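Peer 1: Position 90 (the sequence shown) corresponds to 99 in the working numbering; numbering is contiguous. From the three backbone atoms N, C-alpha and C, an ideal C-beta is built for every residue, glycine too. As the structure is a computational prediction, the values presented were derived from the model and not from experiment.
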Amino acid sequence: MKSLKAASLALAFSILAVSLLAGCTSHPSRVYAKSSKAGTYFTVPYGWQKISQSELSKREAQSTSQGASDRAAAVMWQEAYSPSKLITPADVFSLKAPSSPIAFVRVRSLLPDEINSVSYNFLRDIFVPLTTWLNSTSDSSLAPLPMTKFTYLNEFEVADKNSHGVRSIFSFTGSDGVSQTFDQSALVSDDRKVMYVLLVRCTTEFYQKHAAEISKIADTWTIRGAK
């Protein structure tokens, strides 16, 4: 009787262990965002929602800014991720502080006039006039982009296989009056034909509480080169 009871207990503990193990491994802790064509990938926390390339391209096609259509046509891969389902393609391309963190990756061929002019300053200024802000002694209340409370947090050179560039981390308050933080990585292939950009941004309030989580997304970005 004791042997039977012991066997039953052992079986129960075995089933419980398997169940717990299954529960721990049923979902990965992170999700890979990758493109074989672009030869690059990064990870985001499990549960972040993807905004597909087709959704982003559809929104981008509405842009009337000079050269937008040419740049869009040169895109090899772009996707965006956010923990919120409420984030839209419009939010991805807006410079207003997002209500939820956004990770946006974009890989595209450089246009002929860009190939000859690409530099670290060119890469810094992909989204905002960062070079101008860095060289300014005061806030920029006018063009090229209204900005106050600019804080330059960190910057360092980055290099991966066949590419190199710069990663800049900074905060600013835009026209919406909400401070946001950019963790921006921009690289160019060694042959100066392809540009790789990953921007992770959120409100500065969120960043101050979750800096490690935001930084980890950028830390996992790996570039092996376009095929």
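Report the rounded CA-to-CA distance for Glu-2 versus Glu-69, giving the unit in angstroms.
Peer 2: Any answer about residue 2 is impossible in this case: the structure gives the chain only from 10 up to 236.
Peer 1: Hey, out of Gly-174, Thr-212 and Val-187, whose CA is closest to Ser-237's CA?
Peer 2: It is not possible to answer for residue 237, since the shown part of the chain is limited to 10 through 236.
Peer 1: Would you check if the distance between the CB atom of Ser-184 and the CB atom of Thr-213 is smaller than 8 angstroms?
Peer 2: Sequence index remark: in the sequence shown, residue 184 carries index 175 (1-based). Sequence index remark: in the sequence shown, residue 213 carries index 204 (1-based). Cβ atoms of Ser-184 and Thr-213: not closer than 8 angstroms.
Peer 1: State yes or no: is the C-beta of Val-209 within less than 8 angstroms of the C-beta of Asp-192?
Peer 2: For the purposes of this step, residue 209 is taken as residue 200 along the sequence shown, with counting starting at 1. For the purposes of this step, residue 192 is taken as residue 183 along the sequence shown, with counting starting at 1. Yes, they are a contact pair.
Peer 1: Looking at C-beta atoms only, is the number of pairs between the stretch 57-65 and the stretch 89-104 that lie closer than 8 angstroms three or more?
Peer 2: Segments in contact, yes.
Peer 1: By the 10 Å Cβ neighbour count, where 16 or more other Cβ atoms means buried, how is Ser-188 classified, buried or exposed?
Peer 2: For the purposes of this step, residue 188 is identified with residue 179 of the sequence shown, where counting begins at 1. The residue is buried, with at least 16 neighbouring Cβ atoms inside 10 Å.
Peer 1: Could you check whether the stretch 216-229 touches the stretch 131-145, counting it as contact only if at least three pairs of C-beta atoms, one from each stretch, sit closer than 8 angstroms?
Peer 2: The stretch 216-229 is not in contact with the stretch 131-145.
Peer 1: Relative to the alpha-carbon of Ala-82, which residue among Ser-38, Arg-115 and Arg-133 has its alpha-carbon at the smallest distance?
Peer 2: In the sequence shown, the residue the question calls residue 82 occupies position 73. Minimum Cα distance to Ala-82 is reached at Arg-115.
Peer 1: Excluding the five sequence neighbours on either side, which residues of its own chain have a C-beta within less than 7 angstroms of the C-beta of Thr-34, listed in chain order?
Peer 2: For the purposes of this step, residue 34 is taken as the residue at position 25 of the sequence shown. Summary for Thr-34: the model assigns pLDDT 48, below 50, so the residue's position carries little reliability; its value from the coordinates is reported in the next sentence. Contacts found: none.
Peer 1: Which whole-angstrom value is the C-beta distance of Cys-211 and Pro-107, which I expect to be below 8 angstroms?
Peer 2: Counted from its first residue, the sequence shown places residue 211 at position 202. Counted from its first residue, the sequence shown places residue 107 at position 98. Rounded, the Cβ-Cβ distance is 6 angstroms, consistent with contact.
Peer 1: By Cβ distance, which residues of its chain are closer than 6 angstroms to Phe-65, with the 5 residues on each side in sequence left out?
Peer 2: To locate residue 65, count along the sequence shown from 1; it is residue 56. Reading off the sequence, residue 65 comes out as Leu, not Phe. These residues qualify, in order along the chain: Gln-87 and Pro-98.
Peer 1: Just mark Pro-110 as buried or exposed, buried being the case when its beta carbon has 16 or more other beta carbons within 10 Å.
Peer 2: One-based indexing of the sequence shown puts residue 110 at position 101. Under this definition Pro-110 is a buried residue.
Peer 1: Short of 7 angstroms in beta carbon distance, which residues of its chain neighbour Thr-229, apart from the five on each side in sequence? Order them along the chain.
Peer 2: The sequence position of residue 229 within the sequence shown is 220, counting from 1. For Thr-229, where only same-chain residues beyond five positions count, the Cβ hits under 7 angstroms are Phe-51 and Thr-52.
Peer 1: Please report the distance separating the alpha-carbon of Asn-130 from that of Arg-176.
Peer 2: Stepping through the sequence shown from its first residue, residue 130 is reached at position 121. Stepping through the sequence shown from its first residue, residue 176 is reached at position 167. Straight-line Cα distance between these residues: approximately 11 angstroms.
Peer 1: Buried or exposed: which applies to Glu-72, given that a residue is buried once 16 or more other Cβ atoms fall within 10 Å of its Cβ?
Peer 2: Residue 72 sits at position 63 when you count from the first residue of the sequence shown. The sequence shown places Ser at residue 72, rather than the Glu named in the question. Ser-72 comes out exposed.
Peer 1: Tell me where the alpha helix (DSSP H) around Asn-237 begins and ends.
Peer 2: With the chain covering 10 to 236 only, the question about residue 237 has no answer from this structure.
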